[in-house]
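>
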Amino acid sequence: MIPAAVYKSLGLDGIFHKVIAGDRLDVEDGLRLFQCRDLVAVGALAHQVRLRRHGRTTFYVVNQHINYSNVCVNGCLFCAFRRRKGEPGSFELTVSDVVAKVQERFQDPITEIHIVGGCHPELRLETFEAMLRAIRRVRPQVHLKAFTAVEIAHFAHLEGLPTREVLLRLRAAGLEMLPGGGAEVFSPRVRRLLCPNKLDGEGWLRVMREAHELGIKSNATMLFGHRETLEERLEHLDALRRLQDETGGFVCFIPLPFQPLNTEVDGARGPSGVDILKTIAVSRLMLDNIPHIKAYWVMLGVKLAQVALHFGADDLDGTVVEEKIGHMAGAESEDFLTREALENLIREAGFHPVERNCFFEAAQASVQAG
Amino acid sequence: MEKGKEIFFNEVLNEGRRVSWDEARRIYREADFHWLGYAAHTIRRRKHPDDVVTYVVDRNINYSNICVCGCRFCAFYRPPGHPEGYVLERSALARKIEETLVLGGTQILLQGGHHPDLPLSFYEDMLRFIKDRYPVHIHAFSPPEIVFFARRERLDTAAVIARLKEAGLDSIPGGGAEILVDAVRRKVSPNKCSAAEWLGVMEEAHRQGLRTTATMMFGHEESLDDRLAHLFALRDLQDRTGGFTAFIPWTFQPGHTALERRPETAVGYLRLLALSRLVLDNFDNIQASWVTMGPKVAQAALFFGANDFGSTMIEENVVAAAGVHFRLSLEEIRRIIEDAGFVPKQRTMAYEWIEGS
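Here the protein sequences line up with chains X and W, keeping their order.
The first sequence begins at 41 in the numbering used here and counts up one residue at a time.
The second sequence begins at 90 in the numbering used here and counts up one residue at a time.
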């Protein structure tokens, strides 16, 4: 911890005392932290909160990512992954393709399968139910984290069903958790500019509320560094915090730096290293009711993700094989990291690695047997 | 402990008291990451209260990759007779310099291997060839090259430096320092000059009025104490001469080399960088290494003691040979500096600002 007097000299005295006392920061405080020129001072505050919650534990997961299709009706400008139906480079996996991918990794001690795709114009809910059931049959002990709130709302639209009904049917088919994607930045102004056809922020929060009420936990994300203001980032964090106060269903928050390559966001460059570290730190400080903050190395790069462990993040995500969404937008990270590489990064940063499952429970040896 | 830390903090950071070996050792092993960063940044701000971060527009020109040194950490060299070995033609050298000047470059970094067949006159002719044609600062020949030239010519290094200076050498880059501990050098670069020889060349160059930089390549076979020994050797020499302009640490990149080791991580890099800012109280400038760390971590390094962003590296071959390919334009470098809250200024090798930049 750096000397308390430092915060006084930076004019962050009040925030410092709130953090030490465990009091909630307001949006104004968040703005002052973003505007603070001293990166390390902000990081050190976030680190205090992280140490209080998790000590020197840093989590990682051994997981498999499956993207069932990149065909999408939404056309979000920040996305390099999407294709229209029939467009060169578009793909869609059948249920048996997905099962084959699961079987390919059968020898790996995976605890989580993460499944997301585009908002496909034709794939129906029964296909996704069949997909989950088929995976369950071949790999029953692995947790299924699948379908963003945006996909859930899209399925509901195609079926003419309420989202709650969709969630119930998917849960019955084996769904255990929702990933946090599709949140982007909730600001209607930004969504009109970048993703006007996508489920809006209120809709995203409503699906998450329903999921949490049904006992389905989820993550939450924020895509930052494109067109949004600092205030809009903070409103996003505040909206997540308010919902979490009511439901407690968010497990982990994942700040995602925008990757500009192959996207249609003119002139946007993506956030700088300092901005990414500061955003992670402010997220840790603002989201006092969400247990975990992830430094998603696929988007941050391995080096910055490791540094982020000192700026409020307590999770490095996973071994991740076959990640497509970030890499198609120019993410320069490796395709995967071995368990050994992840553990070394964590140890060399001064933390203790703990393998977790998607609920952040320490992984069981029996599950690791595969 | 806390009390001791406060007194230390005040004496070292506010009053500028020198850090002892034992203190440095304890700080490096025990101080938390944020404290190290904050301490380094405090010293950096005292030395450079203007919030400027400098950079230089230059090009690394490797006049040859033929080398008999065979360092285990190097992916760039080719042994004599190897089909990929080269010595740059004069016309290619001229073209590279012209391109550099067109891009607003002020200097070239000219380095090669230990070529067994080229006489000292080759290097003198090369310097004169450049100086006769181009208004460019020549930052050239690391100490191991100068020691090698001296042995080959059966001259002392002072004479070699004098002749090169006479032919147009403006300053000497700090490469080839690796770790300035002979036990480590014997393991990773057994045929390269000793620590004493490296320091001797720099001392002599400073005595002859040439400024130089100092580097450190870490994260291979050295211990934490070896790293400290390196920093203290540089500090002692700088006390005597004041000739070093900057310290530039970077991490060993293991790709395509004969050393199998996990590379030093970003956190390890930032810790060493911050420690160097604390120990090297007589160095004005510390350079961040975006070439090895990438632009994002290098930007964060501006809060861990670095006040210089290095070179635009119009051309870089040695790190690239180890499989690391970060590229940045002049515009990107300026933006990275500004986004971190600093004022970018182009500089010369002597760390003088180029006005209007």
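Ideal placement from N, C-alpha and C gives every residue a C-beta, glycine not left out.
#1: Return the CA-CA distance between residue 158/X and residue 50/X, expressed in angstroms with no decimal places.
#2: Can you tell me where the alpha helix (DSSP H) holding residue 410/W begins and where it ends?
#3: Determine the direct distance from the alpha carbon of residue 411/W to that of residue 284/X, and round the result to whole angstroms.
#4: Which runs of the alpha helix (DSSP H) spanning at least 4 residues fall entirely within the stretch 235-314 of chain W, listed in chain order?
#5: Can you give the Cα-Cα distance for residue 260/W and residue 300/W, rounded to whole angstroms?
#6: Name, please, each residue of chain X whose Cβ falls closer than 7 Å to the Cβ of residue 398/W.
#7: Shorter than 8 Å from the beta carbon of residue 425/W to some beta carbon of chain X?
#8: Can you pull the chain X neighbours of residue 95/W, defined as C-beta to C-beta under 8 Å?
#9: Skipping 5 residues on each side, what residues in its chain have a beta carbon closer than 6 Å to that of residue 389/X?
#10: Quick one: what's residue 302/X bridged to in DSSP?
#11: Measuring alpha carbon to alpha carbon, tell me which of 152/W, 171/W, 119/W ends up nearest residue 181/W.
#12: For the alpha helix (DSSP H) that contains residue 384/W, what are its first and last residues?
#13: Entirely within the stretch 127-153 of chain W and at least 3 residues each: give me those beta strand (DSSP E) ranges in chain order.
#14: Are residue 223/W and residue 253/W close, meaning C-beta to C-beta below 8 Å?
#15: Taking 8 Å as the threshold (beta carbon to beta carbon), is residue 432/W in contact with chain X?
#16: Using CA coordinates, which residue listed in 163/W, 401/W, 93/W is at the minimum distance from residue 309/W?
#17: If you compare alpha carbons, which of 394/W, 386/W, 354/W, 296/W is closest to residue 336/W?
#18: From the DSSP output, read off the bridge partner residues of residue 396/W.
#19: I'd like to check one pair, residue 326/X with residue 65/X: are the Cβ atoms closer than 8 Å?
#20: Can you give me the C-alpha to C-alpha distance between residue 220/X and residue 433/W, rounded to a whole angstrom?
#21: With a cut-off of 8 Å, do at least 3 Cβ pairs link the stretch 106-116 of chain W to the stretch 125-134 of chain X?
#22: Please check the pair residue 304/W and residue 343/W, which I expect to be a contact at CB under 8 Å, by giving their CB distance rounded to whole angstroms.
#23: Quick check: residue 250/W and residue 196/W, are their CB atoms within less than 8 Å of each other?
#24: Return yes when the Cβ of residue 333/X is within less than 8 Å of the Cβ of residue 293/X, no when it is not.
#25: Give the range of the alpha helix (DSSP H) segment to which residue 87/X is assigned.
#26: Counting only beta-carbon separations shorter than 8 Å, does residue 385/W have a partner in chain X?
#27: With a threshold of 8 Å between beta-carbons, can residue 434/X be considered close to chain W, or not?
#28: So which residues of chain W does residue 346/X contact, with C-beta pairs closer than 7 Å?
#29: Quick one: does residue 87/X have its CB under 8 Å from some CB of chain W?
#30: At a Cβ cut of 8 Å, what residues of the stretch 117-139 of chain W count as close to chain X, listed as they run along the chain?
#31: Roughly how many angstroms separate the alpha carbons of residue 167/W and residue 157/W, rounded to a whole number?
#32: Hey, residue 284/W and residue 271/W are a contact pair by Cβ (cut 8 Å); roughly how many whole angstroms apart?
#33: If we count the other Cβ atoms within 10 Å of its Cβ and call it buried at 16 or more, is residue 360/W buried or exposed?
#34: Give the straight-line distance between the Cα atoms of residue 435/W and residue 91/X, rounded to the nearest whole angstrom.
#35: Within this structure, are the beta carbons of residue 420/X and residue 98/X separated by less than 8 Å?
#36: Would you mind reading off the limits of the beta strand (DSSP E) that contains residue 103/X?
Per the coordinate set shown:
#1: 45 Å
#2: 407-410
#3: 47 Å
#4: 246-256, 271-277, 284-296
#5: 5 Å
#6: Within chain X, no residue comes near residue 398/W; the closest Cβ sits about 12 Å away, beyond 7 Å.
#7: yes
#8: 43
#9: 346, 349
#10: DSSP, once it has assigned bridges, lists no residue as partnering residue 302/X.
#11: 152/W
#12: 379-389
#13: 141-145, 147-151
#14: no
#15: no
#16: 163/W
#17: 394/W
#18: Answer by DSSP bridge pairing: none, since residue 396/W is not bridged.
#19: yes
#20: 38 Å
#21: no
#22: Actually they are not in contact, since the Cβ atoms of residue 304/W and residue 343/W sit about 18 Å apart, beyond 8 Å.
#23: no
#24: yes
#25: 79-94
#26: yes
#27: No information on residue 434/X is available, as it lies outside the stretch 41 to 410 that chain X covers here.
#28: 354, 355, 356
#29: yes
#30: 121, 122, 123, 124, 126, 127, 130
#31: 8 Å
#32: 5 Å
#33: buried
#34: 41 Å
#35: Nothing can be reported for residue 420/X, as the shown portion of chain X is limited to 41 through 410.
#36: 103-107
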